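*Asks:* Protein chains in written order, with my numbering: chain A, 421 to 575; chain B, 421 to 575. I am attaching a structure below and will ask some questions about it afterwards.
There are 2 protein chains.
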Amino acid sequence: MNRLALTVVAAGVALTSLGAAAQFQKPEDAIKYRQSVMTVMGNHLGRVAAMVQGRVPFDAKTAADNAAIVVMMSKLPWVAFGDGTDKGMPTRARPEIWKEPAKFKDLENKMMADAEKFDAAAKTGNLDNIKAALGTLGRACKSCHDDFRNEKYSN
Amino acid sequence: MNRLALTVVAAGVALTSLGAAAQFQKPEDAIKYRQSVMTVMGNHLGRVAAMVQGRVPFDAKTAADNAAIVVMMSKLPWVAFGDGTDKGMPTRARPEIWKEPAKFKDLENKMMADAEKFDAAAKTGNLDNIKAALGTLGRACKSCHDDFRNEKYSN
């Protein structure tokens, strides 16, 4: 291991989650990663929702900046739902994710497409556009959560 | 609450973390968010490190895509270190973050600047450039973790 590698390891970067053949070495690495992505995505979606609902003043640039984060996050969690990642640490992922992969994939694609549209709407700077696109994206989130996410965490 | 709001709440988006005056309603919302950002950042930094170390084949586009995520994440966690977020759920954040804010801010700015340089290096597609910039960024991570992050989580 060279000096750079040691430096990065010392920095606490999650190198253990990276095998040569897989991005996650252990199921819990994948679960923690996908939950983290969802947390970040939900937070930034929520910041735009707060503007849409009038709880914070609308600012077009802030909305666009948040939407850019949402669309980037929307692409990330899927690689972390690999076989064997149904348990390993507390998760709300339902077994149906691995029993109905085609249906899960459809909803994943719908969410990513709706996130792209949300990002495009945010770039227009028009609050009505943003509100409509956020509603569509929110429904895409909900439809997948309804079918594939439990209310409670289990190991 | 209008229909859109209800849809978004039903989708499980973390709206509770968004007050009118603060992005996080409870300390645990801030802690969970900043930990999630760090997890995502570390994962994508690690994916580039795996290329630099030769554990996975170098692919310039993949490196650049990962670096773009790293630089976006590098800007996010700081707002979640507000007063009162030193406890609330298990955290490795040391009290020194709030006792030495100027020093913390300096290291925060250094890390963001080094992440920008890492992103720029990744865009060149040159592995040597990427390796050098990753080393610099890794040292910025480490210097902040050394001073402001505990080894173990505490409540």
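Backbone N, C-alpha and C define an ideal beta-carbon position, used for all residues, glycine too. All figures in this text were calculated on a predicted structure; none of them were measured in a lab.
List the residues of chain B whose Cβ lies closer than 8 Å to the Cβ of residue 482 of chain A, in chain order.
*Replies:* Those do not exist, as residue 482 of chain A stays about 11 Å from chain B at its closest Cβ, beyond 8 Å.
*Asks:* Does residue 456 of chain B have its Cβ less than 7 Å from a Cβ in chain A?
*Replies:* Taking Cβ atoms only, chain A reaches closer than 7 Å to residue 456 of chain B, which makes this a yes.
*Asks:* Can you give me the Cβ contacts of residue 560 of chain A inside the same chain, cut-off strictly under 6 Å, excluding the 5 residues immediately before and after it?
*Replies:* 530, 531, 534
*Asks:* Please return the same chain residues whose Cβ sits closer than 7 Å to the Cβ of residue 480 of chain A, not counting the five positions on each side in sequence.
*Replies:* 545
*Asks:* Spatial neighbours of residue 499 of chain A within its chain, please: C-beta separation below 7 Å, excluding the five flanking residues on both sides.
*Replies:* 443
*Asks:* Given a cut-off of 7 Å, decide if residue 452 of chain B and residue 459 of chain A are closer than it, judged by their beta-carbon atoms.
*Replies:* yes
*Asks:* Taking 7 Å as the threshold (beta carbon to beta carbon), is residue 453 of chain A in contact with chain B?
*Replies:* yes
*Asks:* Within the 7 Å Cβ cut-off, does residue 556 of chain A reach chain B?
*Replies:* Under the Cβ distance rule, residue 556 of chain A does not count among the residues neighbouring chain B, no pair being separated by less than 7 Å.
*Asks:* Can you give the beta carbon distance from residue 547 of chain A to residue 469 of chain A, rounded, assuming they're within the 8 Å contact cut?
*Replies:* So it is not a contact: roughly 12 Å between Cβ atoms.
*Asks:* Less than 7 Å between the beta carbons of residue 483 of chain B and residue 493 of chain B, yes or no?
*Replies:* no
*Asks:* Less than 7 Å separating the beta-carbons of residue 448 of chain B and residue 504 of chain B?
*Replies:* no
*Asks:* Counting C-beta neighbours from all protein chains within 10 Å, is the total for residue 551 of chain A 16 or more, i.e. buried, or is it exposed?
*Replies:* buried
*Asks:* What residue range does the alpha helix (DSSP H) around residue 520 of chain A cover?
*Replies:* Here residue 520 of chain A belongs to no alpha helix (DSSP H), and DSSP marks it neither H nor E.
*Asks:* In the DSSP assignment, find the alpha helix (DSSP H) that holds residue 551 of chain A and state where it starts and stops.
*Replies:* Residue 551 of chain A -> alpha helix (DSSP H) spans 547–568.
*Asks:* By how many angstroms is the C-alpha of residue 542 of chain A removed from the C-alpha of residue 474 of chain A?
*Replies:* Residue 474 of chain A and residue 542 of chain A: Cα-Cα distance of roughly 16 Å.
*Asks:* Pick out the complete beta strand (DSSP E) segments inside the segment 473–534 of chain A, 3 residues or longer, and give them in chain order.
*Replies:* Segments of the beta strand (DSSP E) lying fully in the segment 473–534 of chain A: 511–513.
*Asks:* Is it right to say residue 566 of chain A is buried, meaning 16 or more other beta carbons lie within 10 angstroms of its own, or is it exposed?
*Replies:* exposed
*Asks:* Since residue 532 of chain A meets chain B, which of its residues come closer than 9 Å, beta carbon to beta carbon?
*Replies:* Simply none; closest approach about 15 Å.
*Asks:* Just the C-alpha distance for residue 465 of chain B and residue 486 of chain B, rounded to the nearest angstrom, thanks.
*Replies:* 7 Å
*Asks:* Which residues, in chain order, does the segment 498–527 of chain B contribute to contact with chain A at a C-beta distance below 7 Å?
*Replies:* none
*Asks:* Going straight from the alpha carbon of residue 516 of chain A to that of residue 489 of chain A, what length do you get?
*Replies:* 28 Å
*Asks:* Is any beta-carbon of chain A found at less than 7 Å from that of residue 490 of chain B?
*Replies:* no
*Asks:* Helix or strand or just coil, what does DSSP make of residue 446 of chain B?
*Replies:* coil
*Asks:* Alpha carbon to alpha carbon, how far is residue 562 of chain B from residue 568 of chain A?
*Replies:* 38 Å
*Asks:* Considering only DSSP beta bridges, list what residue 574 of chain B is partnered with.
*Replies:* B:511, per the DSSP bridge assignment.
*Asks:* Residues in its own chain within less than 6 Å of residue 467 of chain A by CB, not counting five upstream and five downstream?
*Replies:* 486
*Asks:* Closer than 8 Å by beta-carbon distance: list the chain A residues that pair up with residue 459 of chain B, in chain order.
*Replies:* 434, 452, 453, 456
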